[in-house]
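Trainee: Residue numbers (the numbering used here): 143 to 471. By construction, the Cβ of each residue, glycine as well, lies at the ideal position given by its N, Cα and C atoms. In this text the structure is predicted, and so the values were computed from the model without any measurement. Attaching a single structure in structure tokens format; questions to follow.
Structure (structure tokens):
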């Protein structure tokens, strides 16, 4: 068997010659770079006299009581969902096998991906955060490529912002894969393409409903500038660009794809982990974590942040915002 594998250039998982397969190292390198960027931004932020601290709430800047209560509910619920996702996707599987599976590693990757959130306002102020959210300012000025003309005196929501990088990524992917499994179990002759298409529609609808409930009940955030032809309720405080749900669905598909890759591999390794079994034992888990972080960063950047900025920068619909959501120009 060993000689046959050598002659055919395959390993146990069916991948190409492991001497030529450095996927885990390539993705790990990307993850290492993103971790360095994230930590550098965090360090610059927490040591900044200007940027680190709660966003200023102007005198007389009062939210409706119902919206403020809803905002606190969103924050608490988001933390609960985050902890639940960590338990079911990372901790519980680890307790069984003493190894964090790829879905658990992607949770960690999504948490590091939260550092990218300030890139929503990379070139212009496109996304407004409610100053009444629990926050300690924003780190946008400490990320690469930030336009110095864009204001940074706003508050990144910590209690609902970070969880979104888990429940709209890893957790939503898990739900979508559950939908796919039920479809294929109910209709065994359904094609994989159709099942995946239904899963994408599920992601789109799930995001559209969830985000609009959050926006309208809690006023947690607002899309400041959008492309009017692709926006519902254009010009209103609650205007909603349809490309938001489309891009979130693309991200969820990216997170689901990596899990499908692992499910289809005989060794349970996703394509970003190829070659990991040839690394020294002590480096296997760090390499997998770095690879998952790199993959999460690439998916978030290429499927959400860059296209969101590109579509919104040329937008001609501006939201009518209250003072607690007004961009600090």
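#1: Which residue comes first and which comes last in the beta strand (DSSP E) that contains residue 466?
#2: Mind checking whether residue 206 and residue 297 have CB atoms under 8 Å apart?
#3: Classify residue 408 as buried or exposed, calling it buried when 16 or more other Cβ atoms lie within 10 Å of its own Cβ.
#4: Taking the straight line between their C-alpha atoms, what separation do you get for residue 462 and residue 267?
#5: Can you check which of these residues, 312, 228 and 367, is closest to residue 437 by C-alpha distance?
#6: Tell me whether residue 381 is buried or exposed, calling it buried when 16 or more other Cβ atoms sit within 10 Å of its Cβ.
#7: Can the beta-carbon of residue 396 be found closer than 8 Å to that of residue 445?
#8: What are the boundary residues of the alpha helix (DSSP H) that residue 364 is part of?
#9: Just the Cα atoms here: how many angstroms apart are residue 344 and residue 318?
#10: Sort out for me which residues DSSP pairs residue 279 with in a bridge.
#11: Is the CB-CB distance between residue 281 and residue 439 below 8 Å?
#12: Given residue 331, which residues of its chain have a CB within under 7 Å of its CB, disregarding the five upstream and five downstream residues?
#13: Just confirm the distance between the C-beta atoms of residue 292 and residue 224, as a whole number of angstroms; I'd bet it's less than 8 Å.
#14: Excluding the 5 residues preceding and the 5 following residue 286 in the sequence, name in chain order all residues of the same chain whose CB lies nearer than 8 Å to its CB.
#15: Do you know whose CA, among 305, 220, 271 and 171, lies nearest residue 466's CA?
#16: Quick check on the DSSP output: the beta strand (DSSP E) that includes residue 269 runs from which residue to which?
#17: Please return the same chain residues whose Cβ sits closer than 6 Å to the Cβ of residue 182, not counting the five positions on each side in sequence.
#18: Answer with buried or exposed for residue 305, where buried requires no fewer than 16 other C-beta atoms within 10 angstroms of its C-beta.
#19: Take the Cβ of residue 228 as the centre, count every other Cβ of all protein chains shown within 10 Å, and call the residue buried at 16 or more, exposed below.
#20: Considering only the alpha carbon of each residue, which of 362, 177, 388 and 442 lies closest to residue 277?
#21: Within its chain, find whatever has a CB closer than 6 Å to the CB of residue 392; leave out the 5 residues flanking it on each side and keep chain order.
#22: Does DSSP put residue 404 in a helix, a strand or coil?
#23: What's the C-alpha gap between residue 459 and residue 350?
#24: With respect to the alpha helix (DSSP H) encompassing residue 437, which residues constitute its N-terminal and C-terminal limits?
#25: Just the Cα atoms here: how many angstroms apart are residue 214 and residue 421?
#26: Exposed or buried, what is residue 424 when buried is set at 16 or more other beta-carbons lying within 10 Å of its beta-carbon?
#27: Grab me the residues of residue 177's own chain with a C-beta within less than 7 Å of its C-beta, minus the 5 sequence neighbours each way, in chain order.
#28: Please state the DSSP three-state secondary structure of residue 376.
#29: Kindly indicate the opening and closing residues of the alpha helix (DSSP H) around residue 314.
#30: Which value, in whole angstroms, describes the spacing of the CA atoms of residue 192 and residue 260?
#31: Leaving out the 5 sequence neighbours to the left and right, which residues in its chain are closer than 6 Å to residue 453 when beta-carbon positions are compared?
#32: Which two residues bound the contiguous alpha helix (DSSP H) that contains residue 201?
#33: Suppose contacts are defined by Cβ-Cβ distances below 8 Å. Is residue 244 in contact with residue 232 by that definition?
Mentor: In terms of the structure at hand:
#1: Run containing residue 466: none; DSSP gives neither H nor E here.
#2: Cβ distance not < 8 Å, so residue 206 and residue 297 don't count as in contact.
#3: exposed
#4: 14 Å
#5: Nearest to residue 437 by C-alpha distance, out of 312, 228 and 367, is 312.
#6: With 16 or more other Cβ atoms within 10 Å, it is buried.
#7: yes
#8: First-last for residue 364: 363 to 365, but that is the beta strand (DSSP E), not the alpha helix (DSSP H).
#9: 7 Å
#10: Per DSSP, 194.
#11: When the beta-carbon positions are compared, residue 281 and residue 439 stay at least 8 Å from each other.
#12: Result list for residue 331: empty, nothing under 7 Å.
#13: In fact, because the Cβ distance is near 28 Å, the residues do not count as touching under 8 Å.
#14: Cβ neighbours of residue 286 beyond the five flanking positions: 179.
#15: Taking only the C-alpha atoms, the option nearest residue 466 is 271.
#16: Run containing residue 269: 269 to 271, per the beta strand (DSSP E) assignment.
#17: none
#18: buried
#19: By the 10 Å Cβ count, residue 228 comes out buried.
#20: Of the candidates 362, 177, 388 and 442, the one whose C-alpha sits nearest the C-alpha of residue 277 is 362.
#21: 445
#22: helix
#23: 19 Å
#24: 423 to 442
#25: 46 Å
#26: exposed
#27: Excluding residues within five positions, the ones whose Cβ falls inside 7 Å are 254 and 435.
#28: coil
#29: The continuous alpha helix (DSSP H) containing residue 314 extends over residues 312 to 328.
#30: 16 Å
#31: The residues are 369 and 385.
#32: Careful: residue 201 lies outside any alpha helix (DSSP H) and carries neither H nor E.
#33: Going by C-beta atoms, residue 244 is not nearer than 8 Å to residue 232.
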